[in-house]
Amino acid sequence: MARTVFCWLLIGVLIASASAQIYRNVVNKPFAAVSNGPQNLVVVDIDRAGRSAEAIERLIRQRVEQVARAQIQGARPLIRLYKRYGFLPEDYRFPLIYAVALRRNGQLILPTRSRDGGLGNGTLSFEIVDGENPFPANYKNLLQQVLNVAPPLVEAEYGKPARTLTIQVVNYDDQIGDRDAVVGGIYDVSNNRFLFPIYNSPEAAAVNLVHLMTLAFHADVGFAFDVWEEGFARAVTARVARKAVFRTQLGLNPDFVERTLENTYDARPYYDAWNQPVLGSPAFIAPSLRQASIQGGTTGGIWLVRYLMAGSVWLKVAMEYPNFFRVFNQLYYQNYTPALRNDTSALINLARQALSQISGNPNPTVEGVPFEQWVRQQYILDTSVTYGRKLHAQLLPYVGEVQPGEEAVFVVFLTYFQTVRSGNSWDEALLNGTCYPIYWDFNLQRLTLSPQYERVDIRVGTGAVVPSFVGSDVANQRLTVDFSVGTEYAQVAFPSSKVQTATVRNNFFGVVYGLDDGIVEIQIGSERRTVEVTRGAFGASFPESVMNQEQVAQLVFYRAGEEVGRVQVNKGLGFQYVLVRLTSPAGSFRLQRGAGLQMISLPLRPYQTDMAQVLGIPASQLRLAHWRQERFNYVYYPETPPPAPGVGYFLRVPDGGIDRLIEGEAPPADRPFAIALQPGWNLIGMPFNAPVNVSDLQVVWQFDAPVSWETATESIGGQPPLVGNRIFTLGGVGGYVQATQLEPGKAYWVRVLRPEGVTLLIPPPANRSASRSRSEGEEPCPAWEMMLSLQSRAGGGVITLGLDPRASSRSAKWDSEMPPLLPEMLGFGVVSESGALQMRSVRPLGGRQVWELRVLPAEPESEHTLTWNLPPNTARRWRITLEDPTTGNRVDMRRQSFYRFVPSEGRTLRVVVEPSVAAPVRITQVRVAPTRGGNFTIEYQLTGEASVKAEIRSARGEVVRILQPARATRAGVQTLVWNGRDQQERALPPGAYQLHLEAIDADGRVARAVTPILLTR
């Protein structure tokens, strides 16, 4: 059989020609994705490479070097920041270990199967090959020692290898020579080789060779997803490298081994802080890096954080269940099918079976939480793709010396990137942006720090800030920082005075929600500490010997001597940061909506993040949309962002409506909820499960203190307002209406008028201000307002026209631009000078005013009905006319309250308000003349604009024919024609008839005229 080059990768990437298939999720459900192939591999298509070993090896090296350069380019800003702040040595280079699979004619070339009795009964042996470029003698001796010592240690963790293989170790000459990275090895399965470089550090060489060895245990049956294959390999590598026998027999420096693991394998000390939804992905490197042609600006710089978290999440499991990997692999080999490796749900179920077998518990737990629930709390385990812009915040304690008076200093690295659809797959791009952090104390009062910390510039996806909190006012409490870029948001919390000050240095610390002040007992092994919880913050110091062991930490919290909750943390080595939520934010919300178009949101983060499953609507039938202001367009499911508090959607509810009880994590109810808003329109959701008045909202701009909603809508000091003066939602007729409250389950439009964007603060319902009188803070209404409502089968809309003598100075305050329309919505608005549609337009009082109305039908060629009611204070001297330029119809809006029409695509109407003439209208010079065809031509003069009705009556005054129903008519000569027939077009008998004309002007004054007509035949 043809030989394969399989190389399992520490940074899993797929390189393929533009025409070759890129493996992707064929089922894209959160924590339940299914792939159509190995997304964690570098796949090299060799259709044109020839069959010689030399040509194939050149192609492998070329592809690996290309992807390595692009990969490290994406992470370089973050790596250099790590080095600048002391988290990495200046001379440290990241090892990029790759796995490569050859593909010919679209088919992966699989290795020859061993005859060892099936999967999981193999044996690995190794041979160092000198060849033309042998390893130096000392280095070769080190590698041989690793190859002798490590296999039984890996087997003790992982079980027997899947295949029986003899692997050659060949010197790999590192070609990229990068100051920040080194191509750290290639695993070539079909040729049974490790292409391994020469490391300056023996500890790095030993650890990374074990990593390759661990990958080789799965051979060609590795998992399709990085978090499983790479996560398993990283965790096992760390566990082997930390064994005393490994270090002593190889003569390795334990501190250097540990530094290697800390840098690229294990992030458990700050796991809670880094565990954020944006980590999830089927592969940790953007697909463009796996192709032969690297797309410009597409790098996916979040890969390093993902790999650290992938190893950490499985280290947490293995710390509590040391035999987990071995038992899991046994079950995996026993149940193996090609589909199993690609199915996230099946792999999770297999992990649960392994834990049950080890513990004897059919419902196993990890860190005290039922396994299935625990999995969904570890966002790195989500192998689905979510599209859109994303922001991740890495919190790290400051490692330098603090100054007297500093109560908290920490480092935050921001990664700003975007996941986009690329063909039938996905990709990631690093973004630039500016973030204005908002710092909060425990009492949710905004803190003003040095200008150094008030702005974070993000370039090539990376930004950093090291805020310093000084003084007793910020001591001993939970501090919170909100980061936002555009609409993306991340948050970190830190315990001031509990980590490191000029007099305090703790190594176990954290923040707690649900206990402001009390006691926490922390038990690690035989060591116990009882410390105070002060305003949601705590910290303790344990012996270094205790913290340098992997152990379970049990935390029990007390308020006034009564236990209020307990938490388990499977800690790593060194210090430990924990984030605890005692008041379980778990909640539920019943979403009830009728059929049709709705604007919805959820006041919680559902445990199930696929909106089709959340709403109980089949994915093929789900019509869900979300507005992306940066694209000025809508995105549709499945590209909509996952459900979370503050996110708004449009939903087309199917027939029968929706009544769904949704469970999930509610946001903390002890602080305002912050939503970052971009310039322009923002579609937001109500984050709390009770209504909040719009007047209670606050707005933050850049470094300024929060201001009230009313202040934010005002122009102060010649500067434009921060936000538009109205918030809109979908009304009962299907059009936008103004909202005075934010209600649970609904979504809203907010418009930002400053180019830097703002942050909207929504207070928790319990903390909102007392009800205000209707007059307080209410803007004055225009002197005259008329509402027009348009309705059709597909929905409707409402607009308001107004007149006021102050409109010249207040029109910007009164006028309201319409939020973006969903393509299937009916559009109805007033055309502004800029061409935008307005929902409200107020003009100066006096003189003639014309409003141009625009109708954008959702269902062309269907009947639309426009209705109106004139307000009681409408002046009698005004003429108010509706004009339809398409048909020429003119309607006196005083005499008629509706107008029906059938628009094709777009339709323009006009409303004209103008003062009437001083003199009452008159009808003069009425003439009736017979024609040769038996018809009568009627002509008359109208002295002013009026609503005119023309009728033919019998000698007794009965109406026999309506020549013209009441219709707005301009001043001047008017002409009508009568054919001598009645209303049913029947010929009338000869005799005397009467022409009755009636005109009513805008002030209600009536003019009538009567003229006889004689029929002779």
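The sequence shown: position 110 = 958 (our numbering), numbered continuously.
By construction, the Cβ of each residue, glycine as well, lies at the ideal position given by its N, Cα and C atoms.
None of these values were measured; they are calculated from a predicted model.
- Task: Please list, in chain order, all residues of the same chain as Tyr987 whose beta carbon is under 7 angstroms from its beta carbon, the five residues on each side excluded.
- Result: The answer, listed in chain order, is Ile1046.
- Message: If distances are taken between C-alpha atoms only, which option among Val1347, Phe1317, Ala1706, Ile1465 comes closest to Glu1254?
- Response: Each of Val1347, Phe1317, Ala1706, Ile1465 was checked against the Cα of Glu1254, and the nearest Cα belongs to Phe1317.
- Message: Under 8 angstroms: do the segment 1179–1199 and the segment 1289–1298 share three or more Cβ pairs, one atom per stretch?
- Response: No, because fewer than three Cβ pairs between the segment 1179–1199 and the segment 1289–1298 fall closer than 8 angstroms, the two stretches do not touch.
- Can you list, in chain order, the stretches of the beta strand (DSSP E) that have 3 or more residues and sit fully within the segment 1664–1698? The segment 1664–1698 contains these whole beta strand (DSSP E) runs: 1675–1679, 1685–1692.
- Task: Check each candidate in Gly1533, Pro1502, Ser1468 and name the one with the smallest Cα separation from Pro1489.
- Result: The shortest C-alpha separation from Pro1489 is found at Gly1533.
- Candidates Trp1557, Ser1637, Leu1693: closest to Ser1543 by CA position: It is Trp1557 whose Cα lies nearest to the Cα of Ser1543.
- Item | Residues of its chain near Leu1836, where Cβ-Cβ distance is below 7 angstroms and the 5 sequence neighbours each way are ignored | When the five nearest sequence neighbours on each side are left out, the beta carbons in the same chain lying within less than 7 angstroms of the beta carbon of Leu1836 are those of Val1808, Gly1828, Arg1829, Asp1830, Leu1863, in order along the chain.
- Could you spell out the range, first to last residue, of the beta strand (DSSP E) harbouring Pro1813? Residue range 1807–1817 is occupied by the beta strand (DSSP E) that includes Pro1813.
- Message: Excluding the 5 residues flanking Ser1344 on each side, which residues of the same chain have their C-beta closer than 7 angstroms to its C-beta?
- Response: Here the set comprises Glu1255, Ala1256, Phe1317, Val1322, Ala1323, Asn1324, Gln1325, Leu1327, Ala1385.
- Excluding five sequence neighbours on each side, which residues of the same chain lie with their C-beta closer than 8 angstroms to the C-beta of Arg1307? Taking C-beta separations shorter than 8 angstroms and ignoring five residues to either side along the sequence, the partners of Arg1307 in its chain run Pro925, Asn1280, following chain order.
- Message: Applying the 10 Å Cβ sphere with the 16-neighbour rule, what's the burial state of Arg1865?
- Response: With fewer than 16 other Cβ atoms from the protein chains shown falling within 10 Å of its own Cβ, Arg1865 counts as exposed.
- Message: Let me check one thing: in DSSP terms, what residues is Tyr1484 bridge-paired to?
- Response: Beta-bridge pairing links Tyr1484 to Ala1473.
- Looking at C-alpha atoms only, which residue of Leu1098, Ser1207, Asp1230 is the closest neighbour of Ala1158? Each of Leu1098, Ser1207, Asp1230 was checked against the Cα of Ala1158, and the nearest Cα belongs to Asp1230.
- Message: Any heavy atom of the ligand FAD inside 7 angstroms of the beta-carbon of Arg1688?
- Response: Here there are no bound small molecules, and the ligand FAD is not part of this structure.
- Task: List the endpoints of the continuous alpha helix (DSSP H) containing Ser1393.
- Result: From DSSP, the alpha helix (DSSP H) with Ser1393 extends over 1392–1395.
- Taking just the CA atoms, how far does Val1417 sit from Ile1372? In a straight line, the C-alpha of Ile1372 is about 10 angstroms away from that of Val1417.
- Nonlocal neighbours in the same chain, by C-beta distance under 7 angstroms from Leu1152, ignoring five residues either side: The residues are Ala923, Leu926.
- Is the segment 1579–1586 touching the segment 1551–1571 in the sense that three or more CB pairs, one from each, lie closer than 8 angstroms? Output reads no: the segment 1579–1586 does not touch the segment 1551–1571.
- Message: Please classify Ser1332 as buried or exposed, where buried requires at least 16 other C-beta atoms within 10 Å of its C-beta.
- Response: Classification of Ser1332: buried, given that the 10 Å Cβ count is 16 or more.
- Can you tell which of Tyr1596, Ala1054, Phe935 has its C-alpha closest to the C-alpha of Pro943? For Pro943, the nearest C-alpha among the options comes from Ala1054.
- Tell me, to the nearest whole angstrom, how far the beta carbon of Glu1787 is from that of Thr1823; I am working on the premise that it is less than 8 angstroms. Contact between Glu1787 and Thr1823 holds, with the beta-carbon distance rounding to 5 angstroms and staying under 8 angstroms.
- In chain order, what residues of the same chain lie with their CB nearer than 7 angstroms to the CB of Gln1016, ignoring the 5 residues before and after it? Correct list, in chain order: Glu975, Val977, Asn1040, Arg1041.
- Which residues bound the beta strand (DSSP E) around Asn986? In this chain, Asn986 is not harboured by any beta strand (DSSP E); it is covered by the alpha helix (DSSP H) spanning 985–1006.
- Evaluate Ile870 with the Cβ neighbour count: other Cβ atoms within 10 Å of its Cβ, from every protein chain shown; 16 or more gives buried, anything less gives exposed. By the neighbour-count definition (other C-beta atoms within 10 Å, threshold 16), Ile870 is a buried residue.
- Can you tell me whether DSSP reads Tyr1361 as helix, strand or coil? Residue state, collapsed to three classes: strand.
- Beta carbon of Gly1792 nearer than 8 angstroms to that of Asp1851: Inclusion of Gly1792 and Asp1851 in the CB contact set at 8 angstroms is not warranted, their separation being larger than that value.
- From which residue to which residue does the beta strand (DSSP E) around Gln1801 run? Per the sequence shown, the amino acid found at residue 1801 is Arg instead of Gln. Per DSSP, Arg1801 belongs to the beta strand (DSSP E) from 1794–1801.
- Determine the burial state of Leu1127: buried for a count of at least 16 other Cβ atoms within 10 Å of its Cβ, exposed for fewer. Here Leu1127 is buried. Its C-beta has 16 or more other C-beta atoms within 10 Å.
- Looking at the unbroken beta strand (DSSP E) that takes in Tyr1155, where does it start and where does it end? That residue, Tyr1155, is in no beta strand (DSSP E); its alpha helix (DSSP H) goes 1151–1168.
- Which of helix, strand or coil does DSSP assign to Lys1091? Secondary structure of Lys1091 (DSSP, three-state): coil.
- Task: Compare the C-alpha of Tyr1119 against each of Leu1669, Arg1095, Gly1583, Tyr1227 and name the closest.
- Result: Answer by Cα proximity: Tyr1227.
- Item | CB of Tyr1020 within 8 angstroms of CB of Thr1062, strictly | Against a cut-off of 8 angstroms, the Cβ pair of Thr1062 and Tyr1020 comes out as no contact.
- Selection from Pro1454, Leu1445, Glu1478 that minimises the alpha carbon distance to Leu1472: Closest in alpha carbon position to Leu1472, among Pro1454, Leu1445, Glu1478, is Leu1445.
- Contact the segment 1198–1210 vs the segment 1077–1094: 3+ CB pairs below 8 angstroms: In short, these stretches do not touch, since the Cβ pair count stays below three.
- Query: Do Pro1554 and Leu1590 have their C-beta atoms closer together than 8 angstroms?
  - Reply: It is not a contact, given that the beta carbons lie outside the stated cut-off.
- In terms of alpha-carbon separation, which member of Glu1487, Val1037, Ala1072, Phe1073 lies closest to Leu1060? Comparing Cα-Cα distances from Leu1060 to each of Glu1487, Val1037, Ala1072, Phe1073, the minimum goes to Val1037.
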